[in-house]
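Since the structure comes first, as structure tokens, the remarks are kept for the end.
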Amino acid sequence: MTLKLFLNYTLSFIMWLVIGRAILSFFTKDPKNPIYGLFMRTTEPLYTLARRIFPKGTTIFIIIFIVILRLLVVKYF
């Protein structure tokens with residue numbers, strides 16, 4: 001597996017986790033729910049980093065940032 005393919009799959013996986021968390025936030029916020037807990041545990045480090053970089057309340061920038069990063073990886077690697 002090449003580095004380009006690995007980065008592409010990793011960024012794609014992270015992007016879908018963030019989108020899944022956004023969709024799940026409309027339905028449930030029960031921390032006892034195992035699916036909700038999985039999404040929270042896997043995406044919270046990314047959200048913590050993004051909260052330091054982007055202004056408060058702009059979580060859509062996380063998805064935009066991941067998509068742009070993924071496109072750059074595909075184009076330049």
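Numbering follows the working numbering, in which position 74 of the sequence shown is assigned residue number 74; successive positions increment by one, without gaps.
In this text, a Cβ means the ideal position worked out from N, Cα and C, and glycines have one as well.
Look at the beta carbons and you see the region 12-24 touching the region 59-69: at least three pairs across the two are nearer than 8 Å.
Distance from G37 to P31 at the Cβ level is roughly 6 Å; contact confirmed, criterion being Cβ atoms closer than 8 Å.
Excluding the 5 residues flanking it on each side, V73 has same chain C-beta neighbours closer than 7 Å at K4, L7, N8, L11, in chain order.
With respect to the 9 Å criterion, M15 and R70 are classified as neighbours on the basis of their beta carbons. Between T43 and V18, the beta carbon gap of about 6 Å places them in contact (Cβ cut-off 8 Å). In the structure shown, T10 falls within a helical segment according to DSSP collapsed to helix, strand and coil.
Around the C-beta of F27, fewer than 16 other C-beta atoms lie within 10 Å, and the residue is accordingly described as exposed.
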